[in-house]
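Engineer: Please find one structure pasted underneath; my questions will follow.
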Amino acid sequence: MRLMTLFELVLLLIGVMLIKYCSSKGTMDQMAKTSAMMRSVCMGKHKPDEALIDGLGRGEFADTKEIKCYANCVLEMMQAMKKGKINADSAIKQIDLLIPTEIAEPTIKAFDGCRDSANGIKNACDAAYALVKCLHAKNPKYFFA
């Protein structure tokens, strides 16, 4: 029986760590940090009024280009949209893998129920906003903006 080389041992340890990391769901704290990062990036790109972003969580949907494109930016970062098209299956897969168990199920149901909410909308920002409105309507308790 041969001994593992240091390189093989390091690869094995990395593999074990990746399996452990990838197979565990995120915590609410991790989700909040990720959300804050996406918010910061997308606010920087589209310059929406922060009060309007805060209003999304309360179901207040201002009709501005900046807030609509902010929504598109966040949804694209989440891989829930791409070029104005909803990718519900990808979003559901991400939710199932990463979102804490207590909110995953209602969030998955909301995405599944909203998969056609942007059909026929050509503008990517408008399509994203239609999805955001639908997601809030179907899951207001666990809606993050």
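With mature numbering (1 follows the signal peptide of the UniProt record, and there is no 0) as the guide, the letters of the sequence shown map in order to residues -24 to -1, 1 to 121. Using N, Cα and C, we set each Cβ at its ideal position, and we do this for glycine too.
#1: Would the region 10 to 17 count as touching the region 42 to 57 if we require 3 or more Cβ pairs under 8 Å?
#2: Taking the alpha-carbon positions, what's the A100 to K41 distance?
#3: Cα separation between N115 and A86?
#4: How long is the line joining the alpha carbons of E78 and L111, rounded to whole angstroms?
#5: Could you spell out where the alpha helix (DSSP H) holding D39 opens and where it closes?
#6: On the DSSP bridge list, what partners appear for M57?
#7: Taking the C-alpha atoms as reference points, what is the distance between S93 and G31?
Structural biologist: Working from what's here:
#1: The region 10 to 17 vs the region 42 to 57: in contact.
#2: In the sequence shown, the residue the question calls residue 100 occupies position 124. In the sequence shown, the residue the question calls residue 41 occupies position 65. Straight-line Cα distance between these residues: approximately 11 Å.
#3: If you number the sequence shown from 1, residue 115 lands on position 139. If you number the sequence shown from 1, residue 86 lands on position 110. The alpha-carbon atoms of N115 and A86 are separated by roughly 6 Å.
#4: What you label residue 78 is simply residue 102 of the sequence shown in a count that begins at 1. What you label residue 111 is simply residue 135 of the sequence shown in a count that begins at 1. About 17 Å.
#5: Position 63 of the sequence shown, counted from the first residue, corresponds to residue 39. Here D39 belongs to no alpha helix (DSSP H), and DSSP marks it neither H nor E.
#6: Residue 57 sits at position 81 when you count from the first residue of the sequence shown. Looking at the DSSP assignment, M57 forms a beta bridge with I62.
#7: Stepping through the sequence shown from its first residue, residue 93 is reached at position 117. Stepping through the sequence shown from its first residue, residue 31 is reached at position 55. Taking the straight line joining both Cα atoms gives about 21 Å.
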